[in-house]
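In what follows, a single structure is set out as structure tokens and then discussed.
Residue numbers (the numbering used here): 11 to 187.
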């Protein structure tokens, strides 16, 4: 699949798409009960930091990227953030299990974009069929590593990291709030 590479910009409205979350993110050892969310409703009327990641349980995402946002929740709230969400192209079951393994609970909303529909509309979808990283590991269609500050459905800032973790970090988001 070839994706439109037009990246969403500050000032753009969040596009309409369906994503999925778990209705029971704080129930350890229990399978996710999927719940469909409409993005326009999810982002309406509040300030949300959206963190997008290539894959659940992957080294940078699991060890650095997502935990930094979990740890920064207090500072984010002090800067007016109402919610933090993590988006991955993985299934809702994998994303929920990942959140539970990191003991996120209800503090961060874990979102699944299994058809990369929302990621594509954001300009953040990419293919890994040619291989990813030094091993050439193939994972299919994925979401680029990024962070967005969204206020009442309007993007206020976006930082995208195509390699490593820098502009989409929690520290970078805090500096842009």
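Just so it is clear, CB atoms sit at the ideal spot from N, CA and C, and this is done for glycine as well.
Asked	Found
Touching by the beta-carbon criterion (3+ pairs, under 8 angstroms), the segment 33–51 and the segment 109–116	yes
Reduced DSSP secondary structure (H/G/I, E/B, other) of residue 129	helix
Neighbour flag for residue 28 against chain D, beta carbons, 7 angstroms	The chain labelled as chain D is not found in the depicted structure, where only one protein chain is given.
Rounded straight-line distance, which links the Cα of residue 134 to that of residue 44	23 angstroms
Three-state class that DSSP yields for residue 81 in the structure shown	helix
Euclidean distance between Cα positions of residue 19 and residue 32	29 angstroms
Residue 11 versus residue 68 - alpha carbon distance	Any reading at residue 11 must be qualified, since the residue scores a pLDDT of 48, below 50, and its modelled position is unreliable; the value itself is stated next. Near 23 angstroms, if we compare the C-alpha coordinates of residue 68 and residue 11.
Residue from 66, 174 and 75 with nearest C-alpha to residue 101	66
Distance, residue 186 Cα to residue 46 Cα	30 angstroms
Residue 132 versus residue 177 - alpha carbon distance	17 angstroms
Enclosing alpha helix (DSSP H) for residue 48 [first to last residue]	Looking at the DSSP string, residue 48 is not in any alpha helix (DSSP H); the run it does join, the beta strand (DSSP E), is 44–48.
Assigned exposure category for residue 122 - 16 Cβ within 10 Å defines buried	buried
Three-state class that DSSP yields for residue 136 in the structure shown	strand
Residues of its chain near residue 54, where Cβ-Cβ distance is below 8 angstroms and the 5 sequence neighbours each way are ignored	162 and 163
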